[in-house]
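What follows is one structure encoded as structure tokens, with my remarks underneath.
Protein chains in written order, with the UniProt record's numbering: chain A, 1 to 78; chain B, 1 to 78; chain C, 1 to 147; chain D, 1 to 147.
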């Protein structure tokens with residue numbers, strides 16, 4: 001199963017990447033994927049990072065093949 | 001004693017004048033003057049006409065020589 | 001800063017949209033500002049008994065009105081932490097679709113600017129001796145009353 | 001009317017003040033409008049630990065952001081009796097004093113326009129995935145967080 005992970009703002013900076021394709025077997029929720037992606041990164045408040053799956057905020061869902069997952073640090077628009 | 005009376009908006013229209021100097025003897029309050037000025041004029045709601053004496057809303061005051069009294073219909077600014 | 005120089009609020013005729021752009025541009029050097037809140041009043045083609053408003057002819061008790069505008073400014077600066085505030089109101093015959101009121105406040109923070117503009121608009125409507133003759137297409141008229 | 005055509009909200013670079021004048025001028029033919037309410041966000045020279053912000057570099061999860069902007073518009077039109085609503089948000093490096101957000105709503109009545117603009121601003125701050133890197137004069141930076 002493949003999902004595309006997008007990194008933004010301070011998460012992209014800490015990870016030093018903006019996008020990657022991850023492959024894995026078995027079931028994985030969005031928040032499990034987040035934990036995995038942020039593991040080892042220097043981010044002060046990981047709880048403040050929200051997850052969007054296919055452009056909807058959602059950390060409960062179990063990921064499906066082809067999903068687009070985004071890791072979103074606190075919003076700063078306006 | 002002389003006061004200047006200014007008419008605005010629908011009051012000026014009904015009175016067909018914008019300003020006049022009135023002379024009288026004895027004491028007169030602002031609201032008594034208003035009553036006198038509006039007497040006989042075709043104004044539907046005379047209660048809605050406010051009085052300013054020397055540019056302050058005031059209908060209680062007793063007029064003094066040289067006062068400027070304004071008869072102000074409902075405001076419509078903005 | 002603006003607080004100290006009382007400026008004339010009334011302008012003859014409609015307020016041109018360019019005035020808004022100029023006012024905003026003039027504030028780009030004030031780097032403590034984070035938010036501008038603007039209110040514009042535009043003449044509406046209201047229908048009354050089948051007749052349509054084509055213009056409003058504004059008159060005012062000008063000396064008192066400028067004094068009240070000044071008092072509203074003072075109250076706004078006392079009440080809100082705004083950096084600047086500008087108000088312009090039209091006099092004369094303003095056609096439908098044209099602007100008759102321009103309120104512009106600025107602050108470090110959005111909520112303050114928005115609240116201050118709201119305050120100005122409500123105070124102006126309630127307290128300033130401005131009168132409006134709504135002129136219909138057949139040249140008859142009625143007198144506008146703020147609600 | 002505007003309701004039906006979803007337009008792009010993001011613009012590259014700062015929003016020029018002339019855009020405001022043009023937007024207002026474009027609404028002078030809509031004679032059912034009585035009130036415009038405008039909010040502008042301007043980059044502030046905040047001081048943090050003795051260093052001064054010189055610019056904010058905005059990035060966004062663009063596809064999701066445009067979708068959320070659209071949902072906010074839909075919600076605003078359902079909630080408020082507005083005739084039009086326009087939003088523009090900058091992307092890229094916006095210098096201090098320049099405009100990064102332009103919200104513009106119009107209605108027959110002032111209270112509706114003011115409430116709608118307020119709604120847009122709060123919703124945009126809370127819900128749209130936009131990220132801001134505050135750049136200091138020494139080229140260091142910190143990430144902005146909306147409060």
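Even for Gly, the Cβ is constructed at its ideal location relative to N, Cα and C. Since the structure is predicted, the reported quantities are computational estimates derived from the model, not experimental observations.
Give a yes or no on whether 8 Å exceeds the smallest Cβ distance from residue i to chain D.
i, result
"residue 25 of chain C", "yes"
"residue 87 of chain C", "no"
"residue 6 of chain A", "yes"
"residue 18 of chain C", "yes"
"residue 121 of chain A", "Any answer about residue 121 of chain A is impossible in this case: the structure gives chain A only from 1 up to 78."
"residue 114 of chain C", "yes"
"residue 1 of chain C", "Low confidence applies to residue 1 of chain C: its pLDDT is 45, below 50, so where it sits in the model is not reliable enough to give any reading."
Run through chain C and tell me which residues come within less than 9 Å of residue i, C-beta to C-beta.
i, result
"residue 148 of chain D", "Since the displayed chain D opens at 1 and closes at 147, residue 148 of chain D lies outside it and no answer follows."
"residue 41 of chain D", "34, 35, 36 and 110"
"residue 70 of chain B", "61, 64 and 129"
Against residue i, what residues of chain A qualify as contacts under a CB-to-CB distance less than 8 Å, listed in chain order?
i, result
"residue 125 of chain D", "75, 77 and 78"
Can the beta-carbon of residue i be found closer than 8 Å to that of residue j?
i, j, result
"residue 87 of chain A", "residue 42 of chain A", "Residue 87 of chain A lies beyond the residue range present for chain A, which begins at 1 and ends at 78; the question has no answer from this structure."
"residue 41 of chain D", "residue 91 of chain D", "no"
"residue 33 of chain D", "residue 117 of chain D", "no"
"residue 57 of chain A", "residue 28 of chain A", "no"
"residue 20 of chain C", "residue 24 of chain D", "yes"
"residue 96 of chain D", "residue 145 of chain D", "no"
"residue 73 of chain A", "residue 33 of chain A", "no"
"residue 109 of chain D", "residue 35 of chain D", "yes"
"residue 59 of chain A", "residue 12 of chain A", "no"
"residue 147 of chain D", "residue 66 of chain D", "no"
"residue 15 of chain C", "residue 88 of chain C", "yes"
"residue 95 of chain B", "residue 4 of chain B", "Because chain B spans 1 through 78 in this model, residue 95 of chain B falls outside it and cannot be assessed."
"residue 123 of chain C", "residue 72 of chain C", "yes"
List the residues of chain D whose Cβ lies closer than 7 Å to the Cβ of residue i, in chain order.
i, result
"residue 38 of chain A", "Simply none; closest approach about 15 Å."
"residue 44 of chain C", "31, 32, 33, 34 and 108"
So residue i and residue j are in contact, right, with Cβ under 8 Å, and what is the actual spacing, rounded?
i, j, result
"residue 64 of chain C", "residue 52 of chain B", "6 Å"
"residue 65 of chain B", "residue 6 of chain B", "Not quite, the Cβ-Cβ distance comes to about 17 Å (not below 8 Å), so this is no contact."
"residue 128 of chain D", "residue 69 of chain D", "6 Å"
"residue 178 of chain C", "residue 8 of chain B", "Residue 178 of chain C lies beyond the range of chain C shown here (1 to 147); nothing can be said about it."
"residue 78 of chain B", "residue 125 of chain C", "4 Å"
"residue 54 of chain A", "residue 68 of chain A", "5 Å"
"residue 12 of chain C", "residue 98 of chain D", "About 33 Å separates the two Cβ atoms, so there is no contact after all."
"residue 104 of chain D", "residue 79 of chain D", "Not quite, the Cβ-Cβ distance comes to about 17 Å (not below 8 Å), so this is no contact."
"residue 137 of chain C", "residue 51 of chain C", "7 Å"
Going along chain B in order, which residues have a C-beta closer than 8 Å to the C-beta of residue i?
i, result
"residue 63 of chain C", "55"
Kindly list, in the order they appear in chain B, the residues whose Cβ is closer than 7 Å to that of residue i.
i, result
"residue 8 of chain C", "Here the premise fails: no neighbours, minimum Cβ distance about 15 Å."
Taking 8 Å as the CB-CB cut-off, is residue i touching chain C?
i, result
"residue 59 of chain B", "no"
"residue 90 of chain D", "no"
"residue 41 of chain B", "no"
Flag residue i as yes if its beta-carbon sits less than 8 Å from any beta-carbon of chain A, otherwise no.
i, result
"residue 101 of chain D", "yes"
"residue 67 of chain D", "yes"
Could you confirm whether any beta carbon from chain B is found closer than 8 Å to the beta carbon of residue i?
i, result
"residue 131 of chain C", "yes"
"residue 144 of chain C", "yes"
Name the chain C residues that come within less than 7 Å of residue i, Cβ to Cβ?
i, result
"residue 78 of chain D", "Those within 7 Å of residue 78 of chain D in chain C number zero; the least Cβ separation is about 22 Å."
"residue 21 of chain D", "17, 18, 20 and 21"
What does residue i reach in chain C if we use C-beta pairs closer than 8 Å?
i, result
"residue 11 of chain D", "The contacting residues do not exist; residue 11 of chain D stays about 16 Å from chain C at best."
"residue 52 of chain B", "61, 64 and 129"
Find the residues of chain A that neighbour residue i, judging by a C-beta separation of less than 7 Å, and give them in chain order.
i, result
"residue 59 of chain D", "8 and 9"
"residue 128 of chain D", "75 and 77"
Residues of chain A with a CB under 9 Å from the CB of residue i: which are they?
i, result
"residue 48 of chain D", "Residues of chain A passing the Cβ test: none, with the nearest at roughly 14 Å."
Using the beta-carbon of each residue, which ones in chain B are nearer than 9 Å to residue i?
i, result
"residue 53 of chain C", "Here the premise fails: no neighbours, minimum Cβ distance about 12 Å."
Is it the case that the CB of residue i approaches a heavy atom of the ligand ZN more closely than 7 Å?
i, result
"residue 111 of chain C", "Within the structure as shown, the ligand ZN is missing, as the structure has no ligands at all."
Check your understanding: Is the stretch 35-46 of chain D touching the stretch 50-58 of chain C, taking contact as three or more C-beta pairs under 8 Å?
Key -> no
Exercise for review: Pair every Cβ in the stretch 72-87 of chain D with every Cβ in the stretch 103-118 of chain D, then say whether three or more of these pairs are closer than 8 Å.
Suggested key: yes
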